[in-house]
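Notes follow the structure.
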Amino acid sequence: MRRTNTCGELRSSDLGKKVCLQGWVRFSRDHGGVAFIDLADRYGITQIVFDPEDLPEGTDVARISEIMKSFTRESVVSVDGIVRKRVEGTEDGRNPTGEVEVLITDAELLNKSVTPPFELGDQKEGVLPDEDIRMRYRYLDLRRSEMVQTMQFRSKLVHLARQYLDENGFLEIETPVLGKSTPEGARDYVVPSRVHPGTFYALPQSPQLFKQMLMVASMDRYYQVARCFRDEDSRKDRQPEFTQLDLEMSFVDMKDLQDMMEGMVSYIWKGLYGQDLVTPFPHIAYRDAMERFGSDKPDMRYGLEFTKLTDVVKDAPYKIFQNILAEGGIVAGMNLKAEIAGNKVGRNDVDRYINYAKKVGLGGLTWMRCVDGKLESNIVKYFTPEILENIKTTMGVEEGDLLFIIAGPWKATYEGGGALRKKIAEDLDLVPNDVFQFFWMDECPMFEIDPVSGKYDSFHHPFVLPQNDLDDDYVGGACFDLCLNGNELGSGSLRIHNADLQKAVFHKLGLDDERIEENFGFFVEALSYGAPPHGGIAIGIDRLCAILLNKDTIREVIAFPKNKRATSLLDGSPSKVADDKLEELQIITLAGDMDFDFEDIEESE
RNA sequence: GCCCUGGUAGUGUAGCGGCCUAUCAUGAAGCCCUGUCGAGGCUUCGACACGGAUUCGAAUUCCGUCCAGGGCGCCA
0 MRRTNTCGEL RSSDLGKKVC LQGWVRFSRD HGGVAFIDLA DRYGITQIVF DPEDLPEGTD
60 VARISEIMKS FTRESVVSVD GIVRKRVEGT EDGRNPTGEV EVLITDAELL NKSVTPPFEL
120 GDQKEGVLPD EDIRMRYRYL DLRRSEMVQT MQFRSKLVHL ARQYLDENGF LEIETPVLGK
180 STPEGARDYV VPSRVHPGTF YALPQSPQLF KQMLMVASMD RYYQVARCFR DEDSRKDRQP
240 EFTQLDLEMS FVDMKDLQDM MEGMVSYIWK GLYGQDLVTP FPHIAYRDAM ERFGSDKPDM
300 RYGLEFTKLT DVVKDAPYKI FQNILAEGGI VAGMNLKAEI AGNKVGRNDV DRYINYAKKV
360 GLGGLTWMRC VDGKLESNIV KYFTPEILEN IKTTMGVEEG DLLFIIAGPW KATYEGGGAL
420 RKKIAEDLDL VPNDVFQFFW MDECPMFEID PVSGKYDSFH HPFVLPQNDL DDDYVGGACF
480 DLCLNGNELG SGSLRIHNAD LQKAVFHKLG LDDERIEENF GFFVEALSYG APPHGGIAIG
540 IDRLCAILLN KDTIREVIAF PKNKRATSLL DGSPSKVADD KLEELQIITL AGDMDFDFED
600 IEESE
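Right, dumping it as structure tokens:
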């Protein structure tokens, strides 16, 4: 008999039906006479009961009994039976199928499982095996209902995005996975060409150039669920390969792009949770984000904002601040209000935060506490009463408040401050984890200037449309990030559609004509054939899923992720390839146990 | 490349110089049990990541290696 129902389907309304269920033996409970099996598949769990005293006439009880002995944990089995009501008082309210059970009339072992390396019942929290064990046996880990739900969630989310974009006239177009390596940006994963020995394709870090060329090609609205590759070190939110919802639109301004994205996120939200998301999303300028929260992707679900104190302390005879201000640095303070933080942070904690501040790149951390209406600390003697009073007013200090004051060069100091702010919020449990706060971070600069080398670097990437003349002191970029709860979900921008302007930006970034031609010649040429004004955005699907599901790492929302060292514990990749394959590709390797010695090669040069 | 944390039966853990012939749970194997649902009861099996050092004595301290995770750099 073929499967008639899944293991999550049967209800009281099915009583009396003859059914065939097929699935995995999750738990079995043999009472000597009557025996139960929790039969599981991705739809749910149905209780199967073997009841030798209550079988239809002519059933070969001994045979079924014998077959059931082979039903070891996680074996796949097929069971024919009759849906019946559970004995009064033994219903399981936690399970949607808990009112019924299937009385076995026939059974078959489809495929035996050896003893699984860990238990798959995941009703109880905190008993998961180490992640490396889960990865080694990911196909078993994925059987767990939590993982099944995650995969379903992700699938639904992507499906909703596709639906929305399709309804809005987007074409889903695949761009190449084998492309051209460029020296800029992240390291490429590289694929050797057999046909052209000595040359290599690169896997895309993003479909950026191709989607822009699709705009040149008049496709007008494009999207792709694009796998992207970067050969850089992993983090909990960074994998060597990851998935972006990548899209591009022609004849749009930034608001059009953001409206479209807000519409899409709302649509996904409605589909996922049945609730309306509040739009439009708030905006925060890059500079404000940095100066208020110490981050370009601030978590604004809690306070602990910074207030600039540069002007307030500029005349204080405190040498450390004087030196910093003389070098163009900033001074800013964070007020840990007495009731939420100040009273919970003692002298020892302050020392701990001072140490932490040093670790995150701050020179140090100045603190003051408001006691009996006066600011007290080891350094108040360096400040005049007027300045102290001014600090109190500026920071809104009240009795018991604790001030942390950071000082130093603008970027490093605010970034360090942002790390400190995050740490304090986590320590004091100030982060609400049931709030989802989307917002746009915009008004970004076009370039960043390396303080050491003085070289220009793109703030986002070199294809962003500059907002003013490239020779101006400050050049803004038409780019923005979509952020959620302190995470960057994606970046978007209007793009340069003029070939000369694109070249000028490359020049500004230090590329000469030869290098531009070699690496981006085809692209600049494309722009010269009537490229329309266009812009686009890419949303990190892995991150979005992880945040919405409250997962600590994107590995939890990727079916087969790589580990920290970019290896797959499941298939053992990356791995060596056979020598004859390398020979065909005309590749020799200097690593591993081939008969080449790096030093020999160096000497021969 | 660097910093930090960790590695004890198949799995999750306790132990943190001698009470260790290493705890508990789960699992596996066997037996018992007719209403359980992570069933229960009894019996059995099974581990200190690897290599050095210190010490009368090391799972425990130290050094190195390997493995896993978090972070810095990196991620235009």
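Using numbering that gives the first Met the number 0, the letters of the first sequence map in sequence onto residues 0 to 604.
All C-beta atoms, glycine included, are put in the ideal place defined by N, C-alpha and C.
From residue i to residue j, what does the alpha carbon distance come to, in whole angstroms?
i           : j           : result
residue 124 : residue 93  : Residue placement at residue 124 is poorly supported in this model, since its pLDDT is 47, which falls under 50; the coordinates still yield a value, given next. If I take the Cα positions, the gap works out to 16 Å.
residue 512 : residue 506 : 8 Å
residue 107 : residue 87  : 29 Å
residue 604 : residue 576 : Confidence is the limiting factor: at residue 604 the pLDDT is only 36, short of 50, which leaves the residue's position unreliable and the question unanswerable from this model.
residue 490 : residue 480 : 4 Å
residue 31  : residue 568 : 41 Å
residue 343 : residue 535 : 46 Å
residue 291 : residue 482 : 16 Å
residue 501 : residue 494 : 9 Å
residue 386 : residue 424 : 28 Å
residue 285 : residue 337 : 29 Å
residue 248 : residue 269 : 24 Å
residue 130 : residue 240 : 19 Å
residue 307 : residue 440 : 20 Å
residue 414 : residue 447 : 15 Å
residue 119 : residue 46  : 16 Å
residue 75  : residue 188 : 39 Å
residue 110 : residue 68  : 13 Å
residue 327 : residue 462 : 31 Å
residue 73  : residue 542 : 32 Å
residue 26  : residue 563 : 33 Å
residue 561 : residue 233 : 9 Å
residue 70  : residue 141 : 21 Å
residue 347 : residue 363 : 16 Å
residue 544 : residue 556 : 7 Å
With DSSP as the reference, identify every bridge partner of residue i, one or two as the case may be.
i           : result
residue 306 : 332
residue 17  : 81
residue 243 : 225, 539
residue 27  : 36
residue 45  : 38
residue 4   : 20
residue 178 : 201
residue 401 : 335, 368
residue 234 : 237
residue 406 : 330
residue 248 : 220, 534
residue 606 : No answer is possible for residue 606: it lies beyond the span of the chain, which begins at 0 and ends at 604.
Please classify residue i as buried or exposed, where buried requires at least 16 neighbouring CB atoms within 10 angstroms.
i           : result
residue 329 : buried
residue 185 : exposed
residue 256 : buried
residue 133 : buried
residue 22  : buried
residue 151 : exposed
residue 175 : exposed
residue 195 : exposed
residue 334 : buried
residue 597 : Note that residue 597 scores a pLDDT of 44, beneath 50, so its modelled location is shaky and nothing firm can be said.
residue 0   : exposed
residue 401 : buried
residue 274 : exposed
residue 380 : exposed
residue 164 : buried
With a CB to CB cut of under 6 Å and the five nearest residues on each side skipped, what residues in its chain are close to residue i?
i           : result
residue 419 : 356
residue 147 : 41
residue 168 : 220
residue 341 : 335, 399, 400, 401
So, for residue i: in the same chain, excluding its five sequence neighbours on each side, which residues have a beta-carbon less than 8 Å away from its beta-carbon?
i           : result
residue 529 : 215
residue 430 : 298, 300, 301, 424
residue 11  : 84, 98, 99
residue 583 : 193
Excluding sequence positions up to five away, which residues of its chain have a Cβ less than 7 Å from the Cβ of residue i?
i           : result
residue 586 : 191
residue 376 : 366, 367, 368
residue 432 : 549
residue 160 : 244, 263, 267
residue 422 : 355
Could you give the uninterrupted runs of the alpha helix (DSSP H) lying entirely in the stretch 71-111, keeping only those of 4 residues or more?
Annotation note: the stretch 71-111 contains no uninterrupted alpha helix (DSSP H) run of length 4 or greater.
List in chain order: all unbroken beta strand (DSSP E) runs of 3+ residues lying wholly within the stretch 332-390.
If we require 3 residues or more, the beta strand (DSSP E) runs fully inside the stretch 332-390 come out as 365-370, 373-375.
In chain order, what are the residue ranges of uninterrupted alpha helix (DSSP H) at least 4 long that sit wholly in the stretch 513-599?
Fully enclosed alpha helix (DSSP H) runs of 4 or longer: 540-547, 578-584.
Which complete beta strand (DSSP E) runs does the stretch 413-494 hold, if anything under 3 residues is left out?
Counting whole runs of 3 or more residues, the stretch 413-494 contains the beta strand (DSSP E) stretches 437-441, 446-448, 455-457, 478-483, 486-493.
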